Each structure stands twice: as structure tokens, then as C-alpha cells.
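Chains as they are written, first to last, in our numbering: chain X, 1 to 116; chain S, 117 to 229.
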């Protein structure tokens with residue numbers, strides 16, 4: 001079965017500094033990869049996704065992520081964070097079997113704190 | 117553009133009570149999902165559906181039931197509420213094509229006392 005590991009439970013970054021959130025997955029074939037963001041009391045919003053092609057994908061709010069097959073990683077980056085980026089970030093892997101209806105498997109999340 | 121709508125947003129249940137969490141989507145998506153979110157645990161799949169009349173168990177289905185009588189609606193039923201079911205529940209939907217993401221509702225925060 002597939003799995004997702006987000007090794008950092010909490011990360012604190014100063015406003016204006018760069019950010020990298022780590023994500024490693026376990027799956028035998030090429031997975032579909034996602035990053036979602038969750039603000040307090042809210043649902044999950046998609047930041048970006050990778051299905052195939054260019055391994056560097058751009059998302060909303062200035063985020064990008066790079067798929068590295070050799071490292072089974074899909075790390076999320078942002079060159080300069082803003083206070084509004086404080087939230088919970090989830091990496092997820094989607095796989096298909098049969099009809100392709102399997103749900104996403106999520107990591108446990110990384111809580112991002114922004115220091116002024 | 118409503119997307120995925122969940123009701124209620126909050127609910128407190130007593131042990132042994134039952135309730136239904138409602139979920140409806142207006143995007144004509146075939147696939148719908150129920151997840152629960154517990155602190156520090158990410159989201160766990162409870163049940164999913166590939167279309168009207170078809171449902172299947174996810175990772176943590178015990179204590180829950182679902183039905184899918186229409187494309188739009190995917191209610192989650194708790195028959196005998198237990199404190200272990202205290203959680204935040206999210207409904208999501210996705211189109212048939214594999215290169216599409218899931219869209220999430222705003223969540224239902226359930227407390228069982």
C-alpha cells in the first residue's frame with residue numbers, strides 16, 4: 001500500500017524567508033502527487049499537483065514543488081513566505097487501481113508558523 | 117459556485133445517539149469520499165463511492181455507513197456514536213479523469229460526549 005511521510009510536524013519561518021516542506025512517498029509506480037493547504041477551521045485547498053511531464057510544478061500563491069523519482073520526494077517550496085501562509089500543509093499521493101477511484105493517502109501534515 | 121457542501125458544520129452527540137452528516141456536490145463528479153481528520157494524524161479515508169449505487173470501504177470504516185442514491189449526495193451515517201468518533205469529517209469529490217484533484221467541503225466538527 002502507498003504511504004506518505006512528512007517528517008516535519010512543525011516548521012517556523014521568518015516572514016520573507018524561503019520555505020521548503022518535505023514529503024516522501026512510498027509507491028511502486030509513478031504516483032499522482034498533491035499538496036493541499038488547510039487554514040484554521042477550513043477545508044483543504046489544492047496548492048499544486050503532479051501527474052506527469054515536467055518535474056517542477058507551479059501552484060497557486062507562489063508555491064512550487066519538485067518531483068524527484070530517485071528520492072521518492074515531492075518537496076514544496078516558496079522563495080519568500082508571507083504571514084498569510086501560516087497554515088497546515090498536507091502532502092498526498094493518489095494511485096489508481098481498476099476504476100481509479102481510490103482516495104488520496106495523506107501525510108500527517110506540517111504546521112507552518114510564520115514569525116514576524 | 118458551491119462545490120462541495122457539508123452540513124452541519126458543528127455537532128455534539130451523546131454516546132449511543134445516531135446522526136447523518138450530509139454532503140452534496142454540484143460538479144457532477146462520479147467519485148466521492150469521506151475522510152476523518154484527527155490531530156497529528158492527517159486524513160483517513162472512511163468510505164468512497166465511484167457513482168450512484170456503488171460504495172466501498174476505505175481505511176477506517178468501522179462504525180460508519182454510507183449510501184449513494186444520486187450523483188450529487190453522499191451522506192455518512194453514524195449509528196451508535198462513540199467518543200472515538202470525535203473528529204473533523206471532510207467530504208470530497210473528484211471527476212472521473214485521473215489527472216484531476218479532489219475538492220473538499222469545509223468540514224463537520226463532531227464531538228461525542
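C-beta atoms are modelled at their ideal positions from N, C-alpha and C, and glycine is treated no differently. Being a predicted model, the structure only gives us computed values, none of them experimental.
How big is the Cα-Cα spacing for residue i and residue j?
i: residue 60 (chain X); j: residue 36 (chain X); result: 11 Å
i: residue 202 (chain S); j: residue 155 (chain S); result: 11 Å
i: residue 9 (chain X); j: residue 224 (chain S); result: 24 Å
i: residue 180 (chain S); j: residue 195 (chain S); result: 7 Å
i: residue 48 (chain X); j: residue 39 (chain X); result: 16 Å
i: residue 208 (chain S); j: residue 217 (chain S); result: 10 Å
i: residue 62 (chain X); j: residue 213 (chain S); result: 26 Å
i: residue 58 (chain X); j: residue 78 (chain X); result: 10 Å
i: residue 27 (chain X); j: residue 1 (chain X); result: 7 Å
i: residue 22 (chain X); j: residue 87 (chain X); result: 15 Å
i: residue 135 (chain S); j: residue 187 (chain S); result: 21 Å
i: residue 105 (chain X); j: residue 15 (chain X); result: 31 Å
i: residue 124 (chain S); j: residue 142 (chain S); result: 18 Å
i: residue 122 (chain S); j: residue 150 (chain S); result: 11 Å
i: residue 116 (chain X); j: residue 20 (chain X); result: 18 Å
Is the shortest distance between the beta-carbon of residue i and the beta-carbons of chain X less than 8 Å?
i: residue 135 (chain S); result: no
i: residue 75 (chain S); result: Because chain S in this structure spans residues 117 to 229, residue 75 (chain S) falls outside the shown range and cannot be described.
i: residue 205 (chain S); result: no
i: residue 180 (chain S); result: no
i: residue 218 (chain S); result: yes
i: residue 121 (chain S); result: no
Do residue i and residue j have their CB atoms nearer than 8 Å?
i: residue 152 (chain S); j: residue 165 (chain S); result: no
i: residue 174 (chain S); j: residue 159 (chain S); result: no
i: residue 219 (chain S); j: residue 119 (chain S); result: yes
i: residue 109 (chain X); j: residue 42 (chain X); result: no
i: residue 228 (chain S); j: residue 197 (chain S); result: yes
i: residue 211 (chain S); j: residue 145 (chain S); result: yes
i: residue 107 (chain X); j: residue 13 (chain X); result: no
i: residue 74 (chain X); j: residue 33 (chain X); result: yes
i: residue 140 (chain S); j: residue 172 (chain S); result: no
i: residue 11 (chain X); j: residue 112 (chain X); result: yes
i: residue 89 (chain X); j: residue 65 (chain X); result: no
i: residue 81 (chain X); j: residue 114 (chain X); result: yes
Just to make sure I have the definition right: I need the residues of chain X whose C-beta is within less than 8 Å of the C-beta of residue i. Which are they?
i: residue 157 (chain S); result: 108
i: residue 174 (chain S); result: 103
What residues of chain X sit near residue i, judged by a beta carbon separation below 7 Å?
i: residue 161 (chain S); result: 103
i: residue 215 (chain S); result: 51
Is there a C-beta anywhere in chain S that falls below 8 Å from the one on residue i?
i: residue 42 (chain X); result: yes
i: residue 74 (chain X); result: no
i: residue 67 (chain X); result: no
i: residue 112 (chain X); result: no
i: residue 33 (chain X); result: no
i: residue 46 (chain X); result: yes
i: residue 83 (chain X); result: no
Under the assumption that residue i contacts residue j (Cβ atoms under 8 Å), give the Cβ distance between them as a whole number of angstroms.
i: residue 182 (chain S); j: residue 192 (chain S); result: 6 Å
Mind pulling the chain S residues with CB within less than 8 Å of residue i?
i: residue 63 (chain X); result: Going along chain S, no residue has its Cβ under 8 Å from residue 63 (chain X), so there is no contact; the nearest lies around 14 Å.
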